[in-house]
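Colleague:
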Amino acid sequence: MAQSIEQTRDGDALVLRPRGRWVVADAQALDDRLAEIRAGAAQRVRIDLAGVEAMDTTGAWLLFRLKRGLEAGGAAVSVDHVGAELAPLLTQIEKRQASPVKPPRRGFGPIVLLAHIGFRTVELMRLTRALLAFFGEVAITFARTAAQPRRLRFTPMVAQMQRAGVSALGIVGLLSFLVGIVMTYIGAQQLKPYGAEIFTVNLLAVGFLRELGGLMAAIIIAGRSGSAFTAEIGAMVVNEEIDAMRTLGLDPIEVLVVPRILGLILTLPFLTFWADFTGLAGGAVMCRTSLDIPLTTFLVQLHGAVSLWSVFLGIIKAPFFAACIALIGCNEGLLVTRSAESVGRRTTQSVVQAIFLVIVLDALFSIFFNELGI
Amino acid sequence: MSSASDVVAPVVRVRSLTTSIGGRILVRDATFDLRPGEVLGVVGASGSGKSVLLRTIVGLVPAAAGTIEIFGDELGRSGQTDLRRFGARWGVLFQDGALFSSLTVAENIMVPLREQLHLSPALMHEIAALKIALVGLPTDTADKFPAALSGGMRKRAGLARALALDPKLLFLDEPTAGLDPIAATEFDGLVCDLKESLGLTVFMVTHDLDSLIAICDRIAVIVDQRVVIGTLAELMRNPHPWIQAYFRGPRGRAAQVAEAANG
Numbered sequence: 001m002a003q004s005i006e007q008t009r010d011g012d013a014l015v016l017r018p019r020g021r022w023v024v025a026d027a028q029a030l031d032d033r034l035a036e037i038r039a040g041a042a043q044r045v046r047i048d049l050a051g052v053e054a055m056d057t058t059g060a061w062l063l064f065r066l067k068r069g070l071e072a073g074g075a076a077v078s079v080d081h082v083g084a085e086l087a088p089l090l091t092q093i094e095k096r097q098a099s100p101v102k103p104p105r106r107g108f109g110p111i112v113l114l115a116h117i118g119f120r121t122v123e124l125m126r127l128t129r130a131l132l133a134f135f136g137e138v139a140i141t142f143a144r145t146a147a148q149p150r151r152l153r154f155t156p157m158v159a160q161m162q163r164a165g166v167s168a169l170g171i172v173g174l175l176s177f178l179v180g181i182v183m184t185y186i187g188a189q190q191l192k193p194y195g196a197e198i199f200t201v202n203l204l205a206v207g208f209l210r211e212l213g214g215l216m217a218a219i220i221i222a223g224r225s226g227s228a229f230t231a232e233i234g235a236m237v238v239n240e241e242i243d244a245m246r247t248l249g250l251d252p253i254e255v256l257v258v259p260r261i262l263g264l265i266l267t268l269p270f271l272t273f274w275a276d277f278t279g280l281a282g283g284a285v286m287c288r289t290s291l292d293i294p295l296t297t298f299l300v301q302l303h304g305a306v307s308l309w310s311v312f313l314g315i316i317k318a319p320f321f322a323a324c325i326a327l328i329g330c331n332e333g334l335l336v337t338r339s340a341e342s343v344g345r346r347t348t349q350s351v352v353q354a355i356f357l358v359i360v361l362d363a364l365f366s367i368f369f370n371e372l373g374i
Numbered sequence: 375m376s377s378a379s380d381v382v383a384p385v386v387r388v389r390s391l392t393t394s395i396g397g398r399i400l401v402r403d404a405t406f407d408l409r410p411g412e413v414l415g416v417v418g419a420s421g422s423g424k425s426v427l428l429r430t431i432v433g434l435v436p437a438a439a440g441t442i443e444i445f446g447d448e449l450g451r452s453g454q455t456d457l458r459r460f461g462a463r464w465g466v467l468f469q470d471g472a473l474f475s476s477l478t479v480a481e482n483i484m485v486p487l488r489e490q491l492h493l494s495p496a497l498m499h500e501i502a503a504l505k506i507a508l509v510g511l512p513t514d515t516a517d518k519f520p521a522a523l524s525g526g527m528r529k530r531a532g533l534a535r536a537l538a539l540d541p542k543l544l545f546l547d548e549p550t551a552g553l554d555p556i557a558a559t560e561f562d563g564l565v566c567d568l569k570e571s572l573g574l575t576v577f578m579v580t581h582d583l584d585s586l587i588a589i590c591d592r593i594a595v596i597v598d599q600r601v602v603i604g605t606l607a608e609l610m611r612n613p614h615p616w617i618q619a620y621f622r623g624p625r626g627r628a629a630q631v632a633e634a635a636n637g
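As given, the protein sequences belong to chains L and E, one line each in that order.
According to this note's numbering, the residues represented by the first sequence are 1 to 374, in order.
According to this note's numbering, the residues represented by the second sequence are 375 to 637, in order.
1. Tell me, please, whether the CB atom of residue 31 of chain L is closer than 8 Å to any CB atom in chain E?
2. Which residues in the same chain have their Cβ closer than 8 Å to the Cβ of residue 354 of chain L, if we skip the five residues on either side of it in sequence?
3. Which chain L residues are close to residue 521 of chain E, counting only those with a beta carbon under 8 Å from its beta carbon?
4. Which residues, taken in chain order from the region 56 to 71 of chain L, show a beta carbon closer than 7 Å to some beta carbon of chain E?
5. Within 10 angstroms of the Cβ of residue 499 of chain E, are there 16 or more other Cβ atoms? Answer buried if so, exposed if not.
6. Less than 8 Å between the beta carbons of residue 276 of chain L and residue 314 of chain L, yes or no?
7. Mapping DSSP to helix, strand and coil, what is residue 368 of chain L?
8. Excluding five sequence neighbours on each side, which residues of the same chain lie with their C-beta closer than 7 Å to the C-beta of residue 195 of chain L?
9. What residues match up with residue 7 of chain L in a beta bridge as DSSP calls it?
10. Provide the residue span of the alpha helix (DSSP H) that contains residue 441 of chain E, from first to last.
11. Can residue 137 of chain L and residue 230 of chain L be called in contact, C-beta distance under 8 Å?
12. Using CA atoms only, rank isn't needed, just tell me which of L:178, L:14, L:260 and L:92 is closest to residue 278 of chain L.
13. Below 8 Å between beta carbons: does that hold for residue 465 of chain E and residue 539 of chain E?
14. From the beta carbon of residue 232 of chain L, is the nearest beta carbon of chain E less than 8 Å away?
15. Are the CB atoms of residue 413 of chain E and residue 578 of chain E nearer to each other than 8 Å?
16. Considering only their Cβ atoms, is the gap separating residue 561 of chain E from residue 550 of chain E smaller than 8 Å?
17. Hey, could you find the ends of the beta strand (DSSP E) residue 415 of chain E is sitting in?
18. Please list the partners that residue 491 of chain E has in chain L, where partner means a Cβ-to-Cβ separation under 8 Å.
19. DSSP three-state call for residue 550 of chain E: helix, strand or coil?
20. Given 8 Å as the limit, is there contact between the region 168 to 178 of chain L and the region 279 to 286 of chain L, that is, 3 or more CB pairs closer than that?
21. Could you tell me the boundaries of the alpha helix (DSSP H) in which residue 176 of chain L lies?
22. Go ahead and label residue 607 of chain E buried or exposed: buried means 16 or more other beta carbons lie within 10 angstroms of its beta carbon, across all protein chains shown.
23. By DSSP, does residue 533 of chain E sit in helix, in strand, or in coil?
24. Going by DSSP, what residue range makes up the beta strand (DSSP E) through residue 45 of chain L?
25. For residue 358 of chain L, which of L:317, L:49, L:47 and L:33 has the nearest alpha-carbon?
26. Assuming residue 483 of chain E and residue 535 of chain E form a contact by the criterion Cβ under 8 Å, report the distance between their Cβ atoms to the nearest whole angstrom.
27. In chain order, what residues of the same chain lie with their CB nearer than 8 Å to the CB of residue 392 of chain E, ignoring the 5 residues before and after it?
28. Which partner residues of residue 80 of chain L appear in the DSSP bridge assignment?
29. In chain order, what are the residue ranges of uninterrupted alpha helix (DSSP H) at least 4 long that sit wholly in the region 288 to 353 of chain L?
30. So, helix, strand or coil for residue 54 of chain L, using DSSP?
31. If we count the other Cβ atoms within 10 Å of its Cβ and call it buried at 16 or more, is residue 236 of chain L buried or exposed?
32. Near residue 253 of chain L, what residues of its chain come up, given a Cβ to Cβ distance below 7 Å and the 5 sequence neighbours on each side ignored?
33. Quick one: is residue 633 of chain E near chain L, going by C-beta distance under 8 Å?
34. Can you give the beta carbon distance from residue 339 of chain L to residue 476 of chain E, rounded, assuming they're within the 8 Å contact cut?
35. Can the beta-carbon of residue 426 of chain E be found less than 8 Å from the beta-carbon of residue 395 of chain E?
36. Going by DSSP, what residue range makes up the alpha helix (DSSP H) through residue 134 of chain L?
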């Protein structure tokens, strides 16, 4: 479908006879043709549309732009042979003067990078402040709930415990079991040359009960429930449900955040215990099958290696991890703006921050326990 | 159906269509044509399945039974490939605009241009600006994100995107709901002009009686799981109590009086 624009001179007038289809599918070719048109010294320009087979809004716009360009050059422009069906279209286009939109300009590389660093730094500071403010708000709500326990939403809290805890038993158990096997295998390999395979049990017990069990459970829950909190609350923000809640006199912190935080705080210690148990079970199976350490020997060694105190030290960290994960998950959810992209970005942020803070917190606990000499 | 309509091939041909959602049947055994250059308004009580009918015709919801032909091609049940094939030939406006929230308004309008055609960025920006002006949005809307727009503005931006490729067939889901009366009248005028100039065929779900009377050539009413189709005058003579209540109620009468006064 060739478009051509025939140019003829008629005295001091330039006559343009466009032919073919003036539709969006051929807009690029048309645009290229139009760029070649020069009015020159012509005082009058006549555009004869008789040869145009079809025209849509894009075609009409290009025609209007041509006309406007010629008029800006000082020529009087007339359009002839406008089909009866085209007239309303041309009127619409002329009535709605479209002003050109400039494509956004790209900046100079290093400056963009610098601006990006600055932007991210400021954003990080804002985010930290927002998280602290949110922490304060949640603390106040908690205090209020403690003063009036009836305000606690018990059913949603139990539902959260079911979703974050009971439903996670399978994956937490399986992964801990496998890590228990791997630890036993690697520990036995290292200790075998010294004939000290039996101390694999000590390695496993101290490692799992003091550190690994809690970390495994916390990291799995950060990925599983922290992200869910952000996505759920974020989708509610997008859907204006949070605003609706506020106008109904409901406090979203009380209704959504407190049950999640409390639910997770109550759940994670149990999951940690479960991770400890399955991790040790994995180790026991490995000891039995490839190290020829029978279960009774394993248990006796385990009993000597750790005390109930070690189990307690591992589990006492869990509520702090849980608060951290739930707080970040809910905060990021409430920070979602009304776009699909922001839900995704906030969910990622939530998981990354939660895992980061869990590990930092764990390190702080280690230093703390070390200073106390326990 | 008169014999004249069988001579001109219909743009949309619906035969014995049954629509359902979640196992619940909404419309049973619907047969109708959408003739070239006509504006068909679809009305019905809330929850009667107007939107589902529209979504079934454009292939988003599988039909429970029956066939749908668009531009003479049957819309199969394979879904995705069909939608790709038809995407360039129709425009769809969803109830809330359904703009891509991570793109600006101008970028939203450029999505179909980019996918279906090869145009220079400058020309695409020009076309986007044109469509923005055409639907009556201010120029600075181009660089805004959908989250920063009001409901009515999102709707118009959605229409601008639906019109990006100048399709011959337009599906509109409640285009004037949420617009102020002046904007709604302008919208009707725009659809009228586009219909005349481009030979646009429009399938429009609406509750706006003014739009129905001003721009619709025929009206399809969904009552009792059936589609009753006819001109306004024909429907006025239909004895069904819901249809009578709809067109002869106070709002229906006011709209007809207003239209009569305008000539």
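For glycine and all other residues, C-beta sits at the position ideal for the given N, C-alpha and C.
Modeller: On the basis of the data shown:
1. True, the Cβ-Cβ gap to chain E drops below 8 Å.
2. Taken in chain order, the residues that qualify are 222, 226, 324, 325, 328 and 329.
3. What residue 521 of chain E touches in chain L: 337, 338 and 339.
4. Going along the region 56 to 71 of chain L in chain order, one finds 56, 57, 58 and 61 with a Cβ nearer than 7 Å to chain E.
5. It counts as buried.
6. Inclusion of residue 276 of chain L and residue 314 of chain L in the CB contact set at 8 Å is warranted, their separation being smaller than that value.
7. In the three-state DSSP reduction, residue 368 of chain L falls in the helix class (H, G or I).
8. Once the five neighbours on either side are set aside, residue 195 of chain L has no close Cβ partner at all.
9. Per DSSP, L:16.
10. It is not in any alpha helix (DSSP H) - residue 441 of chain E instead sits in the beta strand (DSSP E) that spans 439 to 444.
11. Cβ atoms of residue 137 of chain L and residue 230 of chain L: not closer than 8 Å.
12. Its Cα nearest to that of residue 278 of chain L, the residue L:178 stands out among L:178, L:14, L:260 and L:92.
13. Contact: yes.
14. Interface annotation, residue 232 of chain L: not in contact with chain E, CB-CB separation never under 8 Å.
15. Note that the C-beta distance between residue 413 of chain E and residue 578 of chain E is below 8 Å.
16. Yes, the Cβ-Cβ distance between residue 550 of chain E and residue 561 of chain E is below 8 Å.
17. Secondary structure note for residue 415 of chain E: its beta strand (DSSP E) is the uninterrupted segment 413 to 418.
18. Listed along chain L, the residues sitting closer than 8 Å to residue 491 of chain E by beta-carbon distance are 24, 25, 27 and 28.
19. Residue state, collapsed to three classes: coil.
20. By the criterion of at least three beta-carbon pairs nearer than 8 Å, the region 168 to 178 of chain L is in contact with the region 279 to 286 of chain L.
21. Segment 169 to 191, the alpha helix (DSSP H) holding residue 176 of chain L.
22. Classification for residue 607 of chain E: exposed.
23. Residue 533 of chain E: helix per DSSP, three-state reduction.
24. 44 to 48 is the extent of the beta strand (DSSP E) around residue 45 of chain L.
25. Here the closest residue by C-alpha is L:317.
26. Between residue 535 of chain E and residue 483 of chain E the Cβ distance is about 5 Å, and since that is below 8 Å, they are a contact.
27. Closer than 8 Å at the Cβ level, and outside the excluded window around residue 392 of chain E, lie 399, 401, 402, 403, 404, 437, 438, 439 and 440.
28. Partner residues in the beta bridge of residue 80 of chain L, as assigned by DSSP, are L:48.
29. Every alpha helix (DSSP H) of 4 residues or more that sits fully in the region 288 to 353 of chain L is shown, in chain order, as 295 to 305, 308 to 316 and 318 to 334.
30. DSSP places residue 54 of chain L in the strand class (E or B) of the three-state scheme.
31. That one is buried.
32. Cβ-Cβ distances below 7 Å link residue 253 of chain L to 137, 138 and 141 in the same chain, with the five nearest sequence neighbours on each side left out; the list follows chain order.
33. Not an interface residue.
34. For residue 339 of chain L against residue 476 of chain E, the beta-carbon gap comes to about 6 Å, under 8 Å, which counts as contact.
35. Taking C-beta atoms as the reference points, residue 426 of chain E and residue 395 of chain E count as a pair closer than 8 Å.
36. Note, residue 134 of chain L: alpha helix (DSSP H), 109 to 147.
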